[in-house]
Amino acid sequence: MAERILFRGARVIDPAAGRDEVADVLVTEGVLAVPDGENATVVDCGGLVLAPGLVDLHTHVRQPGREDKETVETGSRAAALGGFTAISPMANTDPVADHAAVIHEVRELGARASLVDVLPVGAITSGLEGETLAEIGEMVEAGVRMFSDDGRCVPTARVLRNALTYARTFDGVVIAEHCEDASLAEGGHMHEGFHSYSLGLAGQPREAEEVAVARDLAVARLAGGRLHLCHLSSAGSVDMVRRAKAEGLRVTAEVTPHHLVFSDENLLTYDTNFKVNPPLRSPEDREALVAGLVDGTIDAVATDHAPHAVEEKEAEFDLAPVGTIGLETALGAVLTHLVHRGRLSLTRAIEAMSTTPARIVGAPDQGGPLEPGRPANLVVFDPDAEAVIEPPFGSKSRNSAFLGRTLRGRVVHTLYRGAMVVADGKAQR
Amino acid sequence: MNQHLLSIHDVDADDIVRILDTAESFREVGSRVIKKVPALRGRTVVNLFYENSTRTRISFELAAKRLSADVINFSTSGSSVSKGESLKDTALTLQAMGADAIVIRHSSSGAPLTLTRWVNGSVLNAGDGTHEHPTQALLDLYTMRDRLGRLEGLRVAIVGDVLHSRVARSLSFALVKMGAETTLVGPPTLIPPDAPAWGVEVAHDVEAVLPKLDVCYLLRVQKERQRQQYFPSVREYSRLFGLSRARVGLLPEEALVMHPGPMNRGIEIDSDVADLPRAVIEEQVTNGIAIRMSLLYLLLGGSGSPGEEPVGARTGAADG
Numbered sequence: 007m008a009e010r011i012l013f014r015g016a017r018v019i020d021p022a023a024g025r026d027e028v029a030d031v032l033v034t035e036g037v038l039a040v041p042d043g044e045n046a047t048v049v050d051c052g053g054l055v056l057a058p059g060l061v062d063l064h065t066h067v068r069q070p071g072r073e074d075k076e077t078v079e080t081g082s083r084a085a086a087l088g089g090f091t092a093i094s095p096m097a098n099t100d101p102v103a104d105h106a107a108v109i110h111e112v113r114e115l116g117a118r119a120s121l122v123d124v125l126p127v128g129a130i131t132s133g134l135e136g137e138t139l140a141e142i143g144e145m146v147e148a149g150v151r152m153f154s155d156d157g158r159c160v161p162t163a164r165v166l167r168n169a170l171t172y173a174r175t176f177d178g179v180v181i182a183e184h185c186e187d188a189s190l191a192e193g194g195h196m197h198e199g200f201h202s203y204s205l206g207l208a209g210q211p212r213e214a215e216e217v218a219v220a221r222d223l224a225v226a227r228l229a230g231g232r233l234h235l236c237h238l239s240s241a242g243s244v245d246m247v248r249r250a251k252a253e254g255l256r257v258t259a260e261v262t263p264h265h266l267v268f269s270d271e272n273l274l275t276y277d278t279n280f281k282v283n284p285p286l287r288s289p290e291d292r293e294a295l296v297a298g299l300v301d302g303t304i305d306a307v308a309t310d311h312a313p314h315a316v317e318e319k320e321a322e323f324d325l326a327p328v329g330t331i332g333l334e335t336a337l338g339a340v341l342t343h344l345v346h347r348g349r350l351s352l353t354r355a356i357e358a359m360s361t362t363p364a365r366i367v368g369a370p371d372q373g374g375p376l377e378p379g380r381p382a383n384l385v386v387f388d389p390d391a392e393a394v395i396e397p398p399f400g401s402k403s404r405n406s407a408f409l410g411r412t413l414r415g416r417v418v419h420t421l422y423r424g425a426m427v428v429a430d431g432k433a434q435r
Numbered sequence: 028m029n030q031h032l033l034s035i036h037d038v039d040a041d042d043i044v045r046i047l048d049t050a051e052s053f054r055e056v057g058s059r060v061i062k063k064v065p066a067l068r069g070r071t072v073v074n075l076f077y078e079n080s081t082r083t084r085i086s087f088e089l090a091a092k093r094l095s096a097d098v099i100n101f102s103t104s105g106s107s108v109s110k111g112e113s114l115k116d117t118a119l120t121l122q123a124m125g126a127d128a129i130v131i132r133h134s135s136s137g138a139p140l141t142l143t144r145w146v147n148g149s150v151l152n153a154g155d156g157t158h159e160h161p162t163q164a165l166l167d168l169y170t171m172r173d174r175l176g177r178l179e180g181l182r183v184a185i186v187g188d189v190l191h192s193r194v195a196r197s198l199s200f201a202l203v204k205m206g207a208e209t210t211l212v213g214p215p216t217l218i219p220p221d222a223p224a225w226g227v228e229v230a231h232d233v234e235a236v237l238p239k240l241d242v243c244y245l246l247r248v249q250k251e252r253q254r255q256q257y258f259p260s261v262r263e264y265s266r267l268f269g270l271s272r273a274r275v276g277l278l279p280e281e282a283l284v285m286h287p288g289p290m291n292r293g294i295e296i297d298s299d300v301a302d303l304p305r306a307v308i309e310e311q312v313t314n315g316i317a318i319r320m321s322l323l324y325l326l327l328g329g330s331g332s333p334g335e336e337p338v339g340a341r342t343g344a345a346d347g
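Line by line, the protein sequences are chains A and B. Numbered according to my numbering, the first sequence spans residues 7 to 435. Numbered according to my numbering, the second sequence spans residues 28 to 347.
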């Protein structure tokens, strides 16, 4: 790639280098370079922010198995449009990503699309059944660094203990848990509380998550190893993680944009785009999640991008599947609801959406620092441009909790390994 | 009044009084030899029943027919999913047929509200999941007012599985709106913990509550809740919360016993208690027709007073 691109006058935010300044950034041969005054295509970035590309720790791309909802390619395109340069497809596909063949297939599809780094997550247990460990070593050899039975919680403390302990065989491997006590959550379609009782919808109490978080932290203390907690939703969980970190446990945690923005009050019209798992909880829980992200108890924002077919979501509330798409709205949501309201600094937002998740998932080419010679994985965004969220999306699905809402903060360009895969807000491949 | 009746929250106290007063004028129609007025002639009412409920469906059917509307019964067992056609497609079909009102019974909470996205006609909730059953609540208010002369200040206990009862939700909300003092009684496993926020009291000792009541309203015990461990056994439920012959004596002399039906005689209500004069369970059924006539009439903008010729009625395409 011989093209030389000079991004002129951007506000460069690079948390890994502790950098926040207006500067020029040169990309040549797919990597970052020192601006040298030589010929280059100039991209004016006045008023725009340039940052390391966003990294998603929690993505459902539905391939193999449900290509009608999303594929690795369309999920990658949605990601690029949202400013991401890496995604982590979850293992709950059909077949399950519990062996190297599926991992290879997903990586190959990702490489073919070449829009973002595709970093598949392997299953912890065979078939996500929670009984026998999947061949973690074989998947590590295939490049996997994160393992999760996402969609389900590892059902017994013993299996989780063995997974955490066994994973210590390998460097940099993390076990990611979907924390949910199945017996408390069973049958629940939303957060249990005043609104679930009034709406006549079976609820799942926040304690369904907290029981599992408490167990997992205790098991991590026993087993060692690295534990990552997916999509926290309750105030009590945030408190437990805060204490565990103070104690020195090697635990990290993520939160989704929709849990940072919405609450169970959004369910009053039975809008199935707000039916997610874990459920949107009370406004008090949401505030605790924001506080946890601000103080670093919660390390990362992850989308839990969960595409579903229109006809599945346009259904009775209790019959509709859980999930919202999120790749194309994550940055705008965080900017609109946290940064522009003065809750979160822009640097901390980039850190939580790029630098830290890159470290958690072990992706050295991602998350900065933006130094000469490193791969040019970048996002350029206009922090003040407003956009109404509506189809068409890059995603094959349109089940967005943000439909019809205005978000302030829009991705302008995304560079993936030096290539402008998104230019002026339009996908280029 | 709103276009739809999805929840008791769709009506205020003045609306409720108007609905009951209108029902009062329609009740007389049911005692005529020719039980029919032309108020909704040419209008089409669809009964869309995803759950079997012969009682409620027949009540709505009679109500619509007594108003001279064309009635279509669109019944299906099980959910729309098991039937193969989505709620949306069924709604669009009914819309294309020109339904002026759709009466929907569905096992999913919120299905009536979802239906309103796709149809122009009025939607009446005839019971959705564990959410609401507003027409039942209104006929219960009608029965209480008819028998006791007022609603404000009435002391009403709703006894049983409030947690899973759409009747209890609608009735609680309606009683609170009308200024009645409402107490929910049952084991804590079957009472929503946040129920006091509805404006009601909560009690677990039925015998302590009974002497202070104007109305004892019993809910049907669903035996599947025993399997789900909400209570140890139907026998124990009956022993602790059933309205036995001994307990009914604790009620003040004028107090009513009510039940939305169908009853489990011998479980939540002793069989002899169900047949006492103070048990007004059949009156509830009779009044249900008048209330549903009133609601169809008011929601569809039926014209004139009952008995007069309709004005401006439009033709609905009805092909059965």
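Glycine residues also receive a C-beta, built at the ideal position from the N, C-alpha and C atoms.
query = Using Cβ-Cβ distances below 7 Å, what residues of the region 196-214 of chain A are close to chain B?
reply = 199, 200, 203, 205, 206 and 207
ask   = Less than 7 Å between the CB of residue 179 of chain B and some heavy atom of the ligand MN, yes or no?
value = This structure lacks the ligand MN, and indeed carries no ligand of any kind.
query = Rounded to the nearest angstrom, how far is the Cβ of residue 214 of chain A from that of residue 190 of chain A, given a contact under 8 Å?
reply = 4 Å
message = What would DSSP say about residue 220 of chain A, mapped onto helix, strand or coil?
response = helix
Pick from B:242, B:169 and B:79 that is closest to residue 281 of chain B, judged by C-alpha positions = B:242
query = Under the three-state reduction of DSSP, which class applies to residue 422 of chain A: helix, strand or coil?
reply = strand
ask   = Does any C-beta atom of chain B lie closer than 8 Å to the C-beta of residue 188 of chain A?
value = no
query = Mind checking if residue 222 of chain A is an interface residue toward chain B, Cβ cutoff 8 Å exclusive?
reply = no
Helix, strand or coil at residue 346 of chain B [DSSP, three-state] = Model confidence at residue 346 of chain B stands at a pLDDT of 30, short of 50, so the residue's coordinates are unreliable; what they give is reported in the following sentence. In the structure shown, residue 346 of chain B sits in coil (DSSP, three-state: anything other than H, G, I, E or B).
request  = Kindly list the residues whose CB is nearer than 8 Å to the CB of residue 32 of chain B, restricted to its own chain and excluding five residues on each side of it in sequence; keep chain order.
outcome  = 38, 149, 150, 151, 152, 161, 162, 322 and 326
query = Helix, strand or coil: how does DSSP classify residue 269 of chain A here?
reply = coil
task = Return the chain-ordered list of same chain residues with a C-beta closer than 6 Å to the C-beta of residue 30 of chain B, the five sequence neighbours on each side being excluded.
result = 149
key: Cβ shell of residue 107 of chain B (< 8 Å), same chain only, five flanking positions each side left out   = Any answer about residue 107 of chain B is weak, because its pLDDT of 48 lies below 50 and its placement is not dependable; what the coordinates show is given next. If we look at residue 107 of chain B and ignore the five residues flanking it on each side, its Cβ neighbours are 77, 113, 114 and 117.
ask   = Measuring CA to CA, which of A:146, A:129, A:145 and A:144 is closest to residue 138 of chain A?
value = A:129
query = Between residue 300 of chain A and residue 250 of chain A, what straight-line distance do the alpha-carbon atoms span, to the nearest angstrom?
reply = 17 Å
key: Residues of the region 152-170 of chain B whose Cβ lies closer than 9 Å to any Cβ of chain A, in chain order   = 155, 156, 157, 158 and 159
ask   = Taking contact to mean at least 3 C-beta pairs separated by less than 8 Å, is the region 222-234 of chain B in contact with the region 195-209 of chain B?
value = yes
task = Pair every Cβ in the region 341-352 of chain A with every Cβ in the region 40-53 of chain A, then say whether three or more of these pairs are closer than 8 Å.
result = no
ask   = Relative to the alpha-carbon of residue 59 of chain A, which residue among A:426, A:435 and A:432 has its alpha-carbon at the smallest distance?
value = A:426
query = In chain order, which continuous runs of the alpha helix (DSSP H) of length 4 or greater are located wholly inside the region 65-108 of chain B?
reply = 81-93
ask   = If we call anything under 8 Å between Cβ atoms a contact, is residue 158 of chain A one with residue 134 of chain A?
value = yes
request  = Specify the secondary structure class of residue 275 of chain A as computed by DSSP and reduced to three states.
outcome  = coil
ask   = Can you tell me whether residue 107 of chain A is buried or exposed, with buried defined as 16 or more other CB within 10 angstroms of its CB?
value = exposed
request  = Specify whether the region 137-146 of chain B and the region 284-292 of chain B touch according to this definition: at least 3 beta carbon pairs, one from each stretch, less than 8 Å apart.
outcome  = no
query = Shorter than 8 Å from the beta carbon of residue 507 of chain A to some beta carbon of chain B?
reply = Not covered by the structure: residue 507 of chain A. The range shown for chain A is 7 to 435.
inquiry  = By the DSSP assignment, the beta strand (DSSP E) with residue 392 of chain A in it spans what residues?
reply    = 384-394
inquiry  = I'd like to know whether the C-beta of residue 224 of chain B is nearer than 8 Å to at least one C-beta of chain A.
reply    = yes
ask   = Nearest-angstrom Cα distance between residue 263 of chain B and residue 213 of chain B?
value = 12 Å
ask   = When burial is assigned at 16 or more other CB atoms within 10 Å of the CB, is residue 61 of chain B buried or exposed?
value = exposed
query = By the criterion of Cβ-Cβ separation under 7 Å, what are the contact partners of residue 323 of chain A in chain B?
reply = 135, 136 and 137
message = With three or more beta-carbon pairs closer than 8 Å as the criterion, would you say the region 141-158 of chain A touches the region 193-205 of chain A?
response = no
request  = Give the residues from the region 305-332 of chain A that approach chain B closer than 9 Å (Cβ to any Cβ), ordered along the chain.
outcome  = 317, 320, 321, 322, 323, 324 and 325
key: Sub-8 Å separation of residue 157 of chain B and residue 133 of chain B beta-carbons   = no
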